[in-house]
Every structure is written in C-alpha cells, then in structure tokens.
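Here the sequence shown is numbered in this note's numbering, starting from 69 and rising by one per residue.
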Amino acid sequence: MNNTFNIKRFGNVVRRDGMSYFQNYGWTLIVLWALPVILWFLTYISMETFDTGIIINRDTKISILMWLSLMIVPSRLYKNYNDSRKGVILAMTPASSLEKFL
Numbered sequence: 069m070n071n072t073f074n075i076k077r078f079g080n081v082v083r084r085d086g087m088s089y090f091q092n093y094g095w096t097l098i099v100l101w102a103l104p105v106i107l108w109f110l111t112y113i114s115m116e117t118f119d120t121g122i123i124i125n126r127d128t129k130i131s132i133l134m135w136l137s138l139m140i141v142p143s144r145l146y147k148n149y150n151d152s153r154k155g156v157i158l159a160m161t162p163a164s165s166l167e168k169f170l
C-alpha cells in the first residue's frame with residue numbers, strides 16, 4: 069500500500085467512520101444536538117415565572133454544552149479502539165497514517 073495521502077482513500081475512510089459512528093452512536097449525537105433546543109424552549113416558556121437570580125449569558129451556556137460534549141462524545145466514539153478484538157478493524161483499514169489521523 070502506498071503510504072502517501074490519497075483523497076479517494078481518505079473519502080472512503082471518512083464515509084466508513086461516519087456510517088459506523090451514526091449506526092452505533094446516532095442517538096447520542098441527536099440528543100446532544102437537541103439539548104440546546106430543549107434548553108431554549110424551557111427558558112422561553114418559563115421566562116416570566118422562573119427567576120433564580122443567577123444571570124447566565126449565552127456564551128456560558130454554549131461553553132457548558134461544549135464542555136459536556138467534549139467529555140462525552142470522544143469516550144463514546146473511540147471506546148473500542150484499544151480493544152484487541154474490536155479495534156483491529158481500524159488498524160487494518162487500508163489508509164495511510166495521516167488519513168487515519170484526520
């Protein structure tokens with residue numbers, strides 16, 4: 069196998085990873101994408117009746133959601149890579165090291 073970057077092989081790696089990730093972790097991604105909408109809706113319907121006295125601006129809410137996402141998603145997506153039985157598929161993928169890294 070040629071160890072240089074090949075855009076077609078890279079596309080195949082991205083397609084395979086995307087399909088396997090969405091099959092296995094689609095609900096996790098849907099929940100993480102829907103969470104800001106649900107929080108906005110709850111804030112909107114309780115705007116006049118709910119007052120905690122704490123002012124949290126949009127940047128803080130986005131930072132909290134990003135932090136939670138950055139903690140949860142990688143552990144869910146890459147949990148099998150070091151498993152000797154399930155992680156062999158990634159190591160045997162016909163792609164260069166750069167393509168697998170990207």
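Even glycine gets a Cβ: it sits at the ideal position worked out from N, Cα and C. As the structure is a prediction and not an experimental result, all values here were calculated from the model.
In whole angstroms, what separates the C-alpha of residue i from that of residue j?
i, j, result
"Thr128", "Leu107", "13 Å"
"Tyr89", "Ile132", "24 Å"
"Gly94", "Asn71", "32 Å"
"Arg144", "Ser137", "10 Å"
"Arg77", "Ser114", "51 Å"
Just confirm the distance between the C-beta atoms of residue i and residue j, as a whole number of angstroms; I'd bet it's less than 8 Å.
i, j, result
"Leu103", "Val141", "Going by Cβ atoms, the distance from Leu103 to Val141 rounds to 12 Å, so no, they are not a contact pair."
* Can you list, in chain order, the stretches of the beta strand (DSSP E) that have 3 or more residues and sit fully within the segment 86-142? -> none
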